[in-house]
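Protein chains in written order, with full-length UniProt numbering: chain A, 1 to 194; chain B, 1 to 194. Okay, structure first, notes after.
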């Protein structure tokens, strides 16, 4: 296996472990054993856990960009694209009920750790917010596009948080329907609806 | 200082540290040094961090019950009481922007750790949900009281999560206004509004 492949394997394993267990609790040894690497080979790629975190955030940013670009390419109307975002909650419900939202829980953990990478992790939210705002603007809501983007992002975070605590898939479905109804009721150039 | 006072001091310090730093990252030594206790004196009260966690959850449940009872006693109308809940976001905005919601972030961390106390911590959410559902029922929405309770709890979680990542007090205020408008627009015996 090439050095680049090994590095990618490490980052993929760290991505999964940081999400499923948390960043702080995941040790170098956990990651090394997940990819079956010796300490020496591991250290050749990464010297510190913070370096791995940086690579994990970069990976998530790249994957998110790719996903949003794909939705932009395939979604006929801006509302379809926003619905693609809303439906992440259904698509990923099993993982969300077990581990929460990967973005929200990482940002929250890094905030508590007052970790140097916390602003970098928040760029994941900014990526979603800016993409959503672009869709709301294309929908004819230029004036309050960013507020609407933050509102729907807020609802997806809230659903993920309670889904983890209550393990209730029917709650997720009900709230996803509510988000779609809210979107449906939005009309160009009205004020923000609650 | 009496043994009971010392115990209370330990639990108060752990409560604060678990909230501000996270549960996993907080060590016995952190808590002992926060209350200026020797290891020996500390171990007299608590043998494991899980025991302290149990005491912290019990403390939070008791404090939450007391707060909800006080709102119930002073709030004239059910809608006033629900507004008291919504306004936690404003009242605690500085801490929320720094550390998130104490309930949501603890439940999320314990879920990732697959910690034995995760169901116990979820009782904090259940306490809020049941209290809110009681207010919505008193408001004349018996049929969907629990769904409405989950909806407003979801929104408060979503606001807390994004407030931590974006440090934007004006976003909190806007969403709190939106929650109050949503409540205002609710009428007895209508279906759940999105």
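Where is the CB? At the ideal position from N, CA and C, for every residue including glycine.
Should residue i go down as buried or exposed, given a rule of 16 or more other Cβ atoms within 10 Å for buried?
i                     : result
residue 44 (chain B)  : exposed
residue 188 (chain A) : exposed
residue 3 (chain B)   : exposed
residue 181 (chain B) : exposed
residue 176 (chain B) : buried
residue 52 (chain B)  : buried
residue 80 (chain B)  : exposed
residue 194 (chain A) : Note that residue 194 (chain A) scores a pLDDT of 49, beneath 50, so its modelled location is shaky and nothing firm can be said.
residue 85 (chain A)  : buried
residue 24 (chain A)  : buried
residue 74 (chain B)  : exposed
residue 76 (chain B)  : exposed
Can you list, in chain order, the residues of its chain whose CB lies under 7 Å from that of residue i, leaving out five sequence neighbours each side?
i                     : result
residue 49 (chain B)  : 28
residue 32 (chain B)  : 39, 42
residue 135 (chain A) : 78, 81, 82
residue 56 (chain A)  : 11, 14, 15, 18
residue 109 (chain A) : 22, 23, 24
residue 111 (chain B) : 118
Output needed for residue i: all residues of its chain with C-beta closer than 6 Å, excluding positions within five of it in sequence on either side, in chain order.
i                     : result
residue 167 (chain A) : 97
residue 137 (chain A) : 145
residue 155 (chain B) : 179
residue 34 (chain A)  : 13
residue 6 (chain B)   : none
residue 196 (chain A) : The shown model of chain A, from 1 to 194, leaves out residue 196 (chain A), and the question about it has no answer.
residue 9 (chain A)   : 35
Who are the near neighbours of residue i in its chain, counting only those whose CB is closer than 8 Å to its CB and skipping five residues on each side?
i                     : result
residue 30 (chain A)  : 17, 21
residue 99 (chain B)  : 19, 20, 105, 164
residue 130 (chain A) : 149
residue 54 (chain B)  : 117, 120
residue 123 (chain A) : 57, 61
residue 90 (chain B)  : 172, 173, 176
residue 183 (chain A) : 79, 82, 83, 86, 152
residue 127 (chain A) : 61, 64, 65, 68
Checklist entry - Between the stretch 104-120 of chain B and the stretch 158-166 of chain A, do at least 3 Cβ pairs fall closer than 8 Å? => result The answer is yes - the stretch 158-166 of chain A touches the stretch 104-120 of chain B, with three or more Cβ pairs under 8 Å.
Item to check | Completely contained alpha helix (DSSP H) runs for the stretch 14-97 of chain A, where each covers 4 or more residues | outcome: Along the stretch 14-97 of chain A, the alpha helix (DSSP H) occurs as fully enclosed runs of 4 or more residues at 28-34, 39-45, 49-74, 78-86, 88-91, listed in sequence order.
Checklist entry - Is the stretch 138-152 of chain B touching the stretch 133-149 of chain A in the sense that three or more CB pairs, one from each, lie closer than 8 Å? => result With a cut-off of 8 Å, the stretch 138-152 of chain B and the stretch 133-149 of chain A do not count as touching, because too few Cβ pairs lie within range.
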